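Counting in our numbering, the sequence shown runs from 7 upward without gaps. Let me begin by presenting the structure, written as structure tokens, before commenting on it.
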Amino acid sequence: MEKIHFHFLLFLLLLTTFRVAAQINPEHSFSSTGFSTQFAVTENETFFYNAEIENNTFYIFHEDYSIYKIINYTPPGSYYLFWVYLLSDHLFNTDDMFEFIFVYINSSGHYQMKIFNENMTLVKDLGEAISAQIIHTQDGYKLMTSYYTYNSGIQATEFTNQVYSVPGELYVSDNPAFNPNHNEVPAAFPNPAGKIINLPYHLNSGETAEMLIVDNQGNLVLRKSVYGGFDHIRLDVSNFTPGTYYYRVNNTSKPFIVGN
Numbered sequence: 007m008e009k010i011h012f013h014f015l016l017f018l019l020l021l022t023t024f025r026v027a028a029q030i031n032p033e034h035s036f037s038s039t040g041f042s043t044q045f046a047v048t049e050n051e052t053f054f055y056n057a058e059i060e061n062n063t064f065y066i067f068h069e070d071y072s073i074y075k076i077i078n079y080t081p082p083g084s085y086y087l088f089w090v091y092l093l094s095d096h097l098f099n100t101d102d103m104f105e106f107i108f109v110y111i112n113s114s115g116h117y118q119m120k121i122f123n124e125n126m127t128l129v130k131d132l133g134e135a136i137s138a139q140i141i142h143t144q145d146g147y148k149l150m151t152s153y154y155t156y157n158s159g160i161q162a163t164e165f166t167n168q169v170y171s172v173p174g175e176l177y178v179s180d181n182p183a184f185n186p187n188h189n190e191v192p193a194a195f196p197n198p199a200g201k202i203i204n205l206p207y208h209l210n211s212g213e214t215a216e217m218l219i220v221d222n223q224g225n226l227v228l229r230k231s232v233y234g235g236f237d238h239i240r241l242d243v244s245n246f247t248p249g250t251y252y253y254r255v256n257n258t259s260k261p262f263i264v265g266n
């Protein structure tokens with residue numbers, strides 16, 4: 007009986023040790039001045055990537071967090087990097103280099119979208135599109151880009167899509183560049199803003215919600231209705247007191263700054 011009791015206590019001790027060892031622990035942290043770090047899945051490895059907008063540098067990291075490549079880029083004219091889409095190695099062509107989509111924006115809210123390889127060689131100019139996604143069809147993979155036109159410079163009133171065929175494919179369908187459930191909301195732009203700021207959000211098609219804008223003390227400043235047919239609004243903040251604000255749609259909250 008004592009032997010059974012001892013073995014039972016030993017089992018509990020081992021179980022407790024296993025539970026402690028199986029805890030979720032911090033492994034690595036990324037920081038950037040561009041956008042939240044994203045990841046891409048290839049046949050052999052997962053890669054992470056982010057950007058430092060202030061010094062025009064794009065970083066690609068190995069799965070072990072070591073640097074794969076540091077890419078220096080030159081934005082066109084008065085534009086700066088707004089977002090990066092679809093880092094992949096066999097999607098836009100069949101060679102072994104990475105390709106990716108850069109979206110640039112200027113202070114007037116105009117965009118330029120371009121596909122580059124990791125040597126910053128231009129693969130395709132996609133015009134003034136703002137967003138991109140990959141669709142897996144029976145006829146292969148398609149690239150779909152989105153364009154907006156505006157009424158009085160404030161609210162997007164027309165939504166246009168352009169579909170392109172691509173020669174390659176993504177390695178797995180759960181790559182975040184492909185996954186339709188990957189709903190990372192970009193940061194507000196330009197940020198800080200003095201007159202017009204773009205506030206991105208995510209809603210399903212046909213869904214409506216309320217956007218709440220509060221100041222740094224939590225006081226309600228503005229309430230607006232938003233619609234899932236678009237993915238951002240343009241807000242005139244010229245009458246806002248300079249400072250930090252937050253906008254919230256459903257369970258997602260993002261900061262923005264109003265400058266002088």
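Idealized CB from N, CA, C, for every residue including glycine. Here the structure is a predicted model, which means the values were calculated and not measured.
| Asked | Found |
| --- | --- |
| DSSP beta-bridge partners for glutamate 216? | Ser231 |
| For the 8 Å Cβ check, are there 3 or more pairs between the region 107-118 and the region 216-236? | no |
| Is DSSP giving asparagine 197 helix, strand or coil here? | coil |
| Give me the DSSP bridge partner(s) of serine 137. | Ser152 |
| Report the rounded CA-to-CA distance for alanine 194 versus threonine 80, giving the unit in angstroms. | 22 Å |
| Under the three-state reduction of DSSP, which class applies to lysine 260: helix, strand or coil? | strand |
| Given that a residue counts as buried once 16 or more other Cβ atoms are within 10 Å of its Cβ, and exposed if not, what is glutamine 168? | exposed |
| Given that a residue counts as buried once 16 or more other Cβ atoms are within 10 Å of its Cβ, and exposed if not, what is glutamine 44? | buried |
| DSSP on isoleucine 59, reduced to helix/strand/coil? | helix |
| Opposite tyrosine 251 in the DSSP bridges: which residues? | Asp221 and Phe262 |
| Looking only at its chain, what residues have a beta carbon closer than 6 Å to the beta carbon of serine 259, apart from the 5 residues adjacent to it on each side? | Tyr252 |
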